[in-house]
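S.K.:
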Amino acid sequence: MSGDTGVSAFPEGENIFSWVGTIEGSIGTPYEGLLYKLSLRFPFDYPFKPPLVKFETPCFHPNIDQCGNICLDILQDMWSSAYDCRTILLSVQSLLGEPNNESPLNSYAATLWSNQEDYRKMVHKQYMGNI
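Everything in the sequence shown is counted per the numbering used here, starting at 5 for the first residue and increasing by one.
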């Protein structure tokens, strides 16, 4: 899957249930210019159950924990069998610039979000592996 601005995904080797995705940070967000690698693990009953999607690249964000787990409604209770890999990655890309601070996995990131200069510094610091 490629062609959309800033997202791509392909099977990892011969296992069609294991994919590697990439997301570019959108222009005008603290993630601009950064490229994130994600893993997508599709269950055997996909598309009736959502895949497990995790950030493999460290990502400082209110809705992403230190292990790369993502709190996003379409990956949980709002899942629809109509969603495909493209929809998932575009939704995660959108989440980067528009976090849900009401449901944070990383409360420090949620608190820091209101100070965009300091927030951007933390994004880059974690991306570079310095925390």
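Just so it is clear, CB atoms sit at the ideal spot from N, CA and C, and this is done for glycine as well.
Note that this is a predicted model, so its numbers are computed, not measured.
(1) Just to confirm, is the Cβ distance from Val127 to Phe59 under 8 Å?
(2) Which residues bound the alpha helix (DSSP H) around Gly101?
(3) Could you check if Gln80 is buried or exposed, using at least 16 other CB atoms within 10 Å of its CB as the buried criterion?
(4) List the whole-angstrom C-beta distance separating Pro66 from Ala114, where the pair is believed to meet the contact cut-off of C-beta under 8 Å.
(5) Let me know if Tyr112 comes out buried or exposed under the rule of 16 or more other beta-carbons within 10 Å of its beta-carbon.
(6) Reducing DSSP to helix, strand and coil, say where Thr26 ends up.
(7) Going by DSSP, what residue range makes up the beta strand (DSSP E) through Tyr40?
(8) Apply the 10 Å Cβ neighbour rule to Pro108 and answer buried if 16 or more other Cβ atoms are within range, or exposed otherwise.
(9) With three or more beta-carbon pairs closer than 8 Å as the criterion, would you say the stretch 79–94 touches the stretch 117–127?
M.R.: This is what the structure gives:
(1) no
(2) Residues 89–101.
(3) exposed
(4) The distance from the Cβ of Pro66 to that of Ala114 is about 4 Å, consistent with a contact at the 8 Å cut-off.
(5) The residue in question, Tyr112, is exposed, as its Cβ has fewer than 16 Cβ neighbours within 10 Å.
(6) strand
(7) 39–45 is the extent of the beta strand (DSSP E) around Tyr40.
(8) buried
(9) Contact fails: fewer than three Cβ-Cβ distances are below 8 Å.
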